[in-house]
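Residue numbers (our numbering): 6 to 134.
Each residue gets a CB set at the ideal place from its N, CA and C atoms; glycine is no exception.
The structure appears right after this line, and notes come after that.
Next comes the structure, spelled out in structure tokens:
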């Protein structure tokens with residue numbers, strides 16, 4: 006059996022590098038670990054951490070194809086982040102001009118959750134811890 010020890014990172018390709026960089030750092034609070042421009046690929050690569058843990062690798066490529074459908078397409082469905090006070094975090098996102106869905110309750114766990122979208126409509130879930 007393969008022994009996976011932890012999630013290493015999530016790779017995201019964006020269509021507007023500066024817009025996505027701002028969203029993930031200034032709005033969601035990720036810290037930039039490393040940023041590099043790869044001229045041979047006309048691409049930026051941005052390594053982002055949250056609370057000291059490397060989580061997201063943000064790429065820009067010229068003319069990436071759009072996501073075919075919202076979360077029911079084959080592949081990554083969404084990324085989810087745990088929060089202590091979902092109402093407070095939703096209020097913050099809304100005050101930052103980020104629309105969120107209505108807060109719902111997981112029928113299995115009884116925990117509150119909601120979704121919002123990054124600049125390229127990648128679904129992101131907030132799940133109350």
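- In this structure residue 118 is in contact with residue 111, their Cβ atoms being roughly 6 Å apart against a cut-off of 8 Å.
- The beta carbon of residue 54 is closer than 6 Å to those of 36 and 38 in its chain, skipping five residues each way along the sequence.
- Judged by pairs of C-beta atoms under 8 Å, the stretch 61-75 touches the stretch 40-51, as three or more such pairs exist.
- Checking the DSSP bridge columns, you'll see residue 113 has no partner listed.
- Distances from the alpha-carbon of residue 89 to those of 132, 15, 59 and 57 put 132 closest.
- Taking all protein chains shown into account, residue 104 has fewer than 16 neighbouring C-beta atoms within 10 Å of its C-beta and is therefore exposed.
- Rounded to whole angstroms, the Cβ separation of residue 25 and residue 123 is 7 Å, and the two are in contact under 8 Å.
- Rounded to the nearest whole angstrom, the CA to CA distance from residue 71 to residue 87 is 27 Å.
- When rounded, the separation of the alpha-carbon atoms in residue 128 and residue 121 is 6 Å.
- Per DSSP, reduced to three states, the secondary structure at residue 47 is coil, with no helix or strand assignment.
- Taking a 10 Å sphere around the C-beta of residue 27, we find fewer than 16 other C-beta atoms and assign the residue as exposed.
- Here the alpha carbons of residue 34 and residue 114 stand approximately 27 Å from one another.
- Within the same chain, 41, 43, 62 and 64 come within 7 Å of residue 50 by CB-CB distance, once the 5 residues on both sides are set aside.
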